[in-house]
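This report refers to the structure that appears directly beneath it.
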Amino acid sequence: MRKKATLELWKELFEKAKEIEELKPWNYFSEANLVAIILEDREEPIFVSIGGTDGGFRSISVYQGIDGYGDFDMVATVGQSYLSEEYVLFEQNVLALHWENMMKVAPEQREVIDQLDVKFQNLDSWMEFISYEKRLWPHLPDREEVQLLIEVYKNLIMVIRAVRDGEIEIHAERGDCVYRVYNKETWRWNMFLDAAPDLEKQFPAVELNDEGLKKELQGKTQNDAEIVLDFCYAGFPAKDEISDLLIHPLLFLAVDEGSSQILDAYFLSMQDNEIDAALNFFISYVQRHGRMKKIKARNPWIFGALTDICSLCRIELVHDPLEEAEAIEQQIKKQAEEAL
14 MRKKATLELW KELFEKAKEI EELKPWNYFS EANLVAIILE DREEPIFVSI GGTDGGFRSI
74 SVYQGIDGYG DFDMVATVGQ SYLSEEYVLF EQNVLALHWE NMMKVAPEQR EVIDQLDVKF
134 QNLDSWMEFI SYEKRLWPHL PDREEVQLLI EVYKNLIMVI RAVRDGEIEI HAERGDCVYR
194 VYNKETWRWN MFLDAAPDLE KQFPAVELND EGLKKELQGK TQNDAEIVLD FCYAGFPAKD
254 EISDLLIHPL LFLAVDEGSS QILDAYFLSM QDNEIDAALN FFISYVQRHG RMKKIKARNP
314 WIFGALTDIC SLCRIELVHD PLEEAEAIEQ QIKKQAEEAL
């Protein structure tokens, strides 16, 4: 069960965020310049991305550990993939601070602001803290997350000051990463420049272990069908019996490209996972209709689920922007939201 942060913690967090705002970090950091902080009680870095260079949307995004860095990389390289920006935004786990117009700030955050009587420079510079978690609707950070942000911001302030004062010189064109690391032997903090990790977000790849099932699927007659498979987020919140937070429904869609017939479409429960959804559809389809000629997809979960079995069954599995699926997905999502 999540625990709410106390007003005292929120007060400290807003104070640290205002101190960061006064330092204007977007004047020194580009979005390519990460800050990596290794706290005293952690083994893996916490990565901080600062947005707002050249007057753009101001934000501070905190990613935890190597998995978090994978999420950052997925966001940073979204233009190089067929994934939609909306999908990538909601697929990541990140603690974000946005400077928003007052009217866009969520009611639960405004309630905290009102209770603390926090003042901002103008109506367009209100602060909103958001916890993004995969498969959940964006929500207010809990006590543990607020405590983490306070510690991260304390160290981020030291990094920004060091860059501002010329103690560390970063180069935006090189994508320098500033590291701030606690040395447990000397009990001191060290700061230095180094390259960011050369890592991509990792998705699991599975192999069928059932030899009988593999032979059955391989033995099915191949047809000329080209099947489109995709996952997309609904774009609206929903309640869940297990989670104490609103969930963000994830739609699985399977379409026969030739006939435009929807073969399967449903929202996953919080107990369902993408690998099983894709693999179960594949097995069921091949058992009933034979081996399809081709599968088009853009989602890495689908490739993780089907690369091995498609190779065994001599089915072409290709990356595709899935433009034909967009309209169908939008219609399904619209109907589902209206039904709530």
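Residue numbers (this note's numbering): 14 to 353. Note that beta-carbon positions come from the ideal geometry of N, C-alpha and C, so glycine has one too. Model, not experiment: these values are computed from the prediction.
Can you tell me whether Asp-269 is helix, strand or coil according to DSSP?
strand
Three-state secondary structure (DSSP) at Gln-77?
strand
Under a three-way DSSP split, which group does Met-305 fall into?
coil
Pull up the DSSP beta-bridge partners for Gly-64, would you.
Ser-72
Inter-residue CB distance, Val-299 and Lys-227 (contact presumed, cutoff 8 Å)
About 11 Å; that fails the 8 Å criterion.
For Leu-304, is the classification buried or exposed, using 16 other Cβ atoms within 10 angstroms of its Cβ as the cut-off for buried?
It is worth fixing the name first, because residue 304 is Arg in this sequence and not Leu. Burial call: buried.
Ignore the nearest five residues each way along the sequence and tell me which others in Asp-207's own chain have a CB closer than 7 Å to its CB.
Cys-190 and Tyr-192
Which residue or residues does DSSP assign as beta-bridge partners of Val-172?
Answer is none; Val-172 lacks a bridge partner.
Are there three or more Cβ pairs, one per stretch, closer than 8 Å when the segment 324 to 344 is compared with the segment 231 to 246?
yes
Taking Phe-205 as part of the beta strand (DSSP E), name the residues at either end of that continuous run.
Its beta strand (DSSP E) spans residues 201 to 207.
Need the endpoints of the beta strand (DSSP E) that Tyr-95 sits in, please.
No beta strand (DSSP E) contains Tyr-95, which DSSP labels as neither H nor E.
DSSP-derived helix/strand/coil call for Trp-112:
strand
Spatial neighbours of Gly-188 within its chain, please: CB distance less than 6 Å, with the 5 preceding and 5 following residues excluded, ordered by chain position.
Within the same chain, Gly-188 has close Cβ partners Ala-45.
To the nearest angstrom, how far is it from the Cα of Ala-291 to the Cα of Glu-104?
17 Å
Quick one: what does DSSP say Phe-244 is sitting in, helix, strand or coil?
strand
Buried/exposed call for Asp-84, threshold 16 Cβ in 10 Å
buried
Identified DSSP bridge partners for Gln-235:
Arg-304
Which partner residues does Glu-8 have in the DSSP bridge list?
Coverage of the chain is limited to positions 14 through 353, which leaves residue 8 absent and any answer about it impossible.
Just curious, the beta strand (DSSP E) that Arg-193 is in, first and last residue?
190 to 196
Looking only at DSSP bridge pairs, what is Asp-127 linked to?
None, per the DSSP bridge assignment.
Among the candidates Val-75, Ile-345, Leu-230 and Arg-201, whose CA atom is the shortest distance from the CA of Pro-58?
Val-75
Meets three-Cβ-pair contact criterion under 8 Å: the segment 87 to 105 and the segment 245 to 256
yes
Residues near Glu-121 by beta carbon distance below 6 Å, same chain, minus five either side
Hits under 6 Å: Leu-153.
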